[in-house]
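Trainee: Positions 1 to 89 (my numbering) are the ones given, in order, by the sequence shown. Built from N, CA and C at the ideal position, the CB exists for glycine as well. Because the structure is a prediction, the values reported are computed rather than measured.
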Amino acid sequence: MSILLSRARDGHCRWIVCEGVQPRRGEPIDIFGGRRVCGEPTIWPTSYCAEHCLRVYAAAPAVRDPIDFTSRSAPPAFDRQPELTEIFG
């Protein structure tokens with residue numbers, strides 16, 4: 001079952017099932033370009049049915065290494081910064 005995205009109501013699965021199609025002769029132009037969505041009843045609190053909910057939320061978040069804010073090198077020596085030596089003596 002698929003319905004036009006513009007006709008999907010609360011509780012209809014919003015998974016897009018096809019690209020937009022041109023309206024038939026005599027039908028008004030759809031505001032979403034004729035895109036159709038699944039339309040099956042959703043699982044609360046998502047906007048997707050049971051089948052598509054598994055696809056959307058199945059991806060596990062990528063685990064990243066913690067950011068290390070410690071300084072990895074010592075500050076340069078004063079003799080290597082002549083412009084600061086001239087200012088501060």
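(1) Note down the Cα distance separating G33 from L5, rounded to an integer number of angstroms.
(2) Which residues bound the beta strand (DSSP E) around V17?
(3) Going along the chain, which residues of its own chain have a beta-carbon closer than 8 Å to the beta-carbon of Q22, five neighbours each way excluded?
(4) Output the distance between the C-alpha atoms of T46 and V17, rounded to the nearest integer angstrom.
(5) Among all the DSSP beta bridges, which residues are the ones paired with V37?
(6) Please state the DSSP three-state secondary structure of R55.
(7) DSSP three-state call for A50: helix, strand or coil?
Mentor: Based on what the coordinates show:
(1) Numbered from its first residue, the sequence shown carries residue 33 at position 33. Numbered from its first residue, the sequence shown carries residue 5 at position 5. Cα to Cα, the separation comes out at about 9 Å.
(2) As a first step, residue 17 is located in the sequence shown; it is residue number 17 there, counting from the start. Per DSSP, the continuous beta strand (DSSP E) segment holding V17 begins and ends at 16 to 18.
(3) The residue you call residue 22 lines up with position 22 of the sequence shown. Contacts found: G34.
(4) Residue mapping note: residue 46 aligns to position 46 of the sequence shown, counting from 1. Residue mapping note: residue 17 aligns to position 17 of the sequence shown, counting from 1. Their backbone Cα atoms lie some 17 Å apart in a straight line.
(5) Working through the sequence shown from its first residue, we reach residue 37 at position 37. DSSP output for V37 lists I3, I16 as bridge partner(s).
(6) Translated into positions along the sequence shown, residue 55 becomes position 55. In this structure, R55 counts as helix in the three-state DSSP scheme.
(7) Your numbering for residue 50 matches position 50 in the sequence shown. Assignment of A50 by DSSP, reduced to helix, strand and coil, places it in the helix class.
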